[in-house]
Amino acid sequence: RRGRLHLALTRTFMNNTLDLVSYGPVIPVIVLQRVEDAVPLAEALVAGGVRVLEVTMRTPVALQCIEAIAKAVPDAIVGAGTIRSAADAQAAKNAGSVFGVSPGYTSEVGRACQAAGLPLLPGVATASEVMAAQADGLQFLKFFPAMQAGGIPMLKALAGPFPDVVFCPTGGISLQTAPDFLALPNVKVCGGSWLTPADAVEAGDWGRITQLAKGATALRG
55 RRGRLHLALT RTFMNNTLDL VSYGPVIPVI VLQRVEDAVP LAEALVAGGV
105 RVLEVTMRTP VALQCIEAIA KAVPDAIVGA GTIRSAADAQ AAKNAGSVFG
155 VSPGYTSEVG RACQAAGLPL LPGVATASEV MAAQADGLQF LKFFPAMQAG
205 GIPMLKALAG PFPDVVFCPT GGISLQTAPD FLALPNVKVC GGSWLTPADA
255 VEAGDWGRIT QLAKGATALR G
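Residue numbers for the sequence shown, in the numbering used here: 55 to 275.
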């Protein structure tokens with residue numbers, strides 16, 4: 055069952071990664087230091103209504119964590135963050151990722167993800183990067199790092215020349231500022247690390263993470 059679901063989701067997102075937004079207004083950006091935290095953390099987020107999970111490939115255990123979640127938490131839609139190369143794309147796909155997220159965009163990364171069958175949400179911070187991603191057929195883009203790259207004023211500015219692009223701002227966004235981003239016409243979802251604070255994960259305080267997930271889920275009015 056899990057294999058069939060995984061294949062179906064991958065095909066869906068390959069056609070249109072924007073379908074990811076239908077699962078909720080926030081995609082948590084997750085950094086895991088221990089494999090044993092992966093499944094209970096994913097279960098806590100899902101319990102709070104958050105199903106799309108981005109596990110960043112910033113730690114040595116990230117791929118193991120993705121694999122554990124993909125196998126043990128069927129309601130989670132797990133993707134890999136920090137995709138920077140063809141090797142990253144293939145490793146993420148092999149671990150069970152249903153989608154990938156990159157911090158920036160190059161055609162090489164785009165082609166690698168397509169070759170691996172890994173739907174990509176690419177990062178952009180400038181108009182040139184938006185144009186490069188669009189040239190390769192990508193219309194749903196991560197605006198990163200959101201606050202440092204100009205925040206809401208920049209997203210409003212990009213809406214003029216790129217009315218057909220939808221953004222997922224990520225980087226420096228909080229529960230307090232997320233509603234302002236989500237109110238923009240060209241923003242359908244935002245990324246946030248506030249759902250999985252390091253101290254809560256370290257302490258195994260899964261109840262707190264479920265409550266944070268519920269708060270994020272409630273942002274969709």
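Cβ coordinates follow ideal geometry from the N, Cα and C atoms, glycine included.
Alpha carbon to alpha carbon, what distance is there between Pro199 and Ala189? Rounded to whole angstroms, Ala189 to Pro199 spans 22 angstroms at the Cα level.
Kindly list the residues whose CB is nearer than 6 angstroms to the CB of Ala254, restricted to its own chain and excluding five residues on each side of it in sequence; keep chain order. The residues are Arg262 and Ile263.
Tell me the DSSP secondary structure of Leu86 in three-state form. In this structure, DSSP gives Leu86 a state outside helix and strand, which the three-state scheme calls coil.
Using the rule of at least 16 other Cβ atoms within 10 Å of the residue's Cβ for burial, across every protein chain shown, is Met185 buried or exposed? The C-beta of Met185 has fewer than 16 other C-beta atoms within 10 Å across all chains shown, which makes the residue exposed.
Quick check on DSSP: helix, strand or coil for Phe216? Here Phe216 carries a coil assignment [DSSP, helix/strand/coil].
By Cβ distance, which residues of its chain are closer than 6 angstroms to Val85, with the 5 residues on each side in sequence left out? In its chain, beyond the 5 residues on either side, Thr110 and Arg112 have a beta carbon closer than 6 angstroms to the beta carbon of Val85.
Phe278 (DSSP reduced to helix, strand or coil): Residue numbering for the chain in the displayed model covers 55 to 275; residue 278 lies beyond these limits and cannot be assessed.
Sheet register partners of Ile81 (DSSP bridge): Its beta-bridge partners are Gly245.
Does the region 168 to 178 come within contact of the region 65 to 75, defined as at least 3 CB pairs closer than 8 angstroms? The region 168 to 178 makes contact with the region 65 to 75: 3 or more CB pairs, one atom from each, lie closer than 8 angstroms.
Nonlocal neighbours in the same chain, by C-beta distance under 6 angstroms from Ala179, ignoring five residues either side: Apart from sequence neighbours up to five positions away, the residues of its chain that approach Ala179 with a beta-carbon distance below 6 angstroms are Ala203, ordered along the chain.
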